[in-house]
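Report on the following structure.
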Amino acid sequence: MTALRKMLLPFLAACALLLTSCSASIKDYAQTQPSLDIFTYFAGDTVAYGMVQDYSHKQTRRFTAKIHGDVVADTLTLHEDFVYDDGEKQTRVWRIRKLADGRYTGTAGDIIGTATGQSAGNAFNWKYVMDVKSGGSTYRLTFDDWIYQQDEQHLFNVTSLRKFGVEVARVTLFFEKK
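Per mature numbering (1 follows the signal peptide of the UniProt record, and there is no 0): the sequence shown = residues -26 to -1, 1 to 152.
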């Protein structure tokens, strides 16, 4: 079994590296319109509808979220209240700070360390690490959010959840400005 592990581990690492190196760059969206400003979009009330899919793309959960955003100077505070189809409720409060050149940092109570983001054109890419509970276990996952502005009222969000560089789940959301 040890010989198999020695052969398999480098192969899996190379596959993970290849898969992550082929991902889109925020620069790919620099010329797209409308131009997304997350502070403007999320100021006030927004509602989101979403689903979670496992590694095989089977839908495992659905949810709605009510979001209220407050902007003060260079900080956006987002209050997110989630309700899942099984009745579970979850709250997250983000504090997102705008930096230079379309870059952002953020924190929330259940996020490990600091989230980092970048915007260009109609896209916003947000990356962070979070412990996720599932089936009685907790998994530390890397989140890679891609948010796209459709028009002034609507955003789409596709999030890849990864463990050791391999996608284990996906979250898809649709935001509507109230």
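Ideal Cβ positions, reconstructed from N, Cα and C, are used throughout, including at glycine.
Element boundaries [alpha helix (DSSP H), containing T6]: To locate residue 6, count along the sequence shown from 1; it is residue 32. That residue, T6, is in no alpha helix (DSSP H); it is neither H nor E in DSSP.
Beta-carbon within less than 8 Å of L10's beta-carbon, same chain only, minus the 5 sequence neighbours each way: which residues are those? On the sequence shown, residue 10 is found 36 positions in, with the first residue counted as 1. Result list for L10: S93, G95, N96, A97, F98, I121, Y122, Q123 and L129, in chain order.
Only counting the same chain, and skipping five residues up and downstream in sequence, which positions put a Cβ closer than 6 Å to that of R36? Locating residue 36 in the sequence shown gives position 62, counting from the first residue. Shown here for R36: same chain residues with a beta carbon closer than 6 Å to its own, the five before and five after excluded, namely M25 and D59 in chain order.
Using 8 Å as the limit for Cβ to Cβ distance, is T6 near chain C? Absent from the structure: chain C. Only one protein chain is present.
Could you tell me which of L147, F117 and F149 sits nearest to F138, measuring between CA atoms? The sequence position of residue 138 within the sequence shown is 164, counting from 1. Selected option, being the one with the closest Cα: F117.
Whole angstroms are fine: how far does the CA of G91 sit from the CA of A22? The sequence position of residue 22 within the sequence shown is 48, counting from 1. The sequence position of residue 91 within the sequence shown is 117, counting from 1. Cα to Cα, A22 sits roughly 20 Å from G91.
In whole angstroms, what is the alpha-carbon distance linking M104 and A82? Along the sequence shown, read from residue 1 onward, the residue named residue 104 stands at position 130. Along the sequence shown, read from residue 1 onward, the residue named residue 82 stands at position 108. Going by the C-alpha atoms only, they are around 10 Å apart.
What does a CB cutoff of less than 6 Å around R77 pick up in its chain, not counting 5 residues either side in sequence? Taking the first residue of the sequence shown as 1, we reach residue 77 at position 103. Within the same chain, R77 has close Cβ partners Q92.
Rounded to the nearest angstrom, what separates D55 and I(-1) at their Cα positions? Locating residue 55 in the sequence shown gives position 81, counting from the first residue. Locating residue -1 in the sequence shown gives position 26, counting from the first residue. So the alpha carbons of these two residues sit roughly 28 Å apart.
Please report the distance separating the alpha-carbon of K151 from that of I41. By one-based count along the sequence shown, residue 151 stands at place 177. By one-based count along the sequence shown, residue 41 stands at place 67. Rounded to the nearest angstrom, the two C-alpha atoms are 9 Å apart.
Identify the residues that DSSP records as bridge partners of V142: which are they? Here the question's residue 142 lines up with position 168 in the sequence shown. Paired residue(s): none; V142 is not in a bridge.
Could you spell out the range, first to last residue, of the alpha helix (DSSP H) harbouring residue 155? Beyond the ends of the chain as shown, which are -26 and 152, falls residue 155; an answer cannot be given.
Find the nearest neighbour of Q64 within the set W100, T34, G80 and K107, judged by alpha-carbon distance. Here residue 64 is taken as the residue at index 90 of the sequence shown, counted from 1. Among W100, T34, G80 and K107, the Cα nearest to that of Q64 belongs to K107.
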